[in-house]
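Here the sequence shown stands for residues 58 to 210, where the numbers follow this note's numbering. Even glycine gets a Cβ: it sits at the ideal position worked out from N, Cα and C. All of these numbers come straight from a predicted model, not from anything done at the bench.
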Amino acid sequence: MLFITVPLLELFLLLWLSQVTSIWVTFGTVLFTGILGTLLARSQGFSTWQKIRGQMSGGQVPGSALADAAMIFMAGALLMTPGLLTDSVGFMLLIPPCRDWMKRRALDWAKKNVQFTTTTTVNGETRTYTNGPSEVVDSYVVPHEEERKSIEE
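Below is the structure:
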């Protein structure tokens, strides 16, 4: 349904803009937003990539930066698609406060609608945990006697 509705709405908006202004203004707008969007997405994508590399080299998990990278990639795809509606959403994804707001909304949606299940098996006993708080056990591994002797040598 979305793959039919969005292109039809885009076509309607482009035809409306060409009637209100001219075909050349409409063509110029589509061309300008496509080029500008590509340049902005490329620039922000590069800086986000540097951020991801820096966090990973520092031993951190780049969760938020990876989400930014995915949203910037989506923005680039939307901005290369001719149309006023997709360009508006694409430019919104390139504005960091808007992107942060959209990340929060997506996370809230995922918390309500996505179910995570983890299954562990230890000594033949299987336990399954679903979306609930889990018990964190802080522990360490003690090698067998033979392994410990070979490590100490």
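- If the five residues before and after Thr105 are omitted, its C-beta is found closer than 7 Å to the C-beta atoms of Ala122, Asp125, Ala126, Ile129, all from its own chain and listed in chain order.
- In the three-state reduction of the DSSP assignment, Val63 falls in the helix class, which pools H, G and I.
- With a beta-carbon spacing of about 17 Å, Asp144 and Gly102 fall beyond the 8 Å limit used to define contacts.
- Across the set Val87, Arg99, Trp81, Phe173, the C-alpha of Val87 shows the shortest separation from the C-alpha of Thr138.
- According to the DSSP assignment, Thr187 belongs to no alpha helix (DSSP H) but to the beta strand (DSSP E) extending over 182-187.
- Shown here, Val179 sits in a strand according to DSSP, grouped into three states.
- In the three-state scheme derived from DSSP, where H, G and I count as helix and E and B as strand, Thr83 is classed as helix.
- Secondary structure note for Thr138: it is in no alpha helix (DSSP H), with a DSSP letter that is neither H nor E.
- The secondary-structure analysis by DSSP pairs Thr174 across a beta bridge with Thr187.
- Annotated three-state conformation of Pro119 is coil, per DSSP.
- In terms of Cβ geometry, Ala98 and Leu141 do not form a close pair [threshold 8 Å].
- Around the Cβ of Thr185, a 10 Å sphere holds fewer than 16 other Cβ atoms; the residue is exposed.
- Buried is the label assigned to Arg156, since at least 16 other Cβ atoms lie within 10 Å of its Cβ.
- Here Leu136 is not near Gly85, since their CB atoms are 8 Å or more apart.
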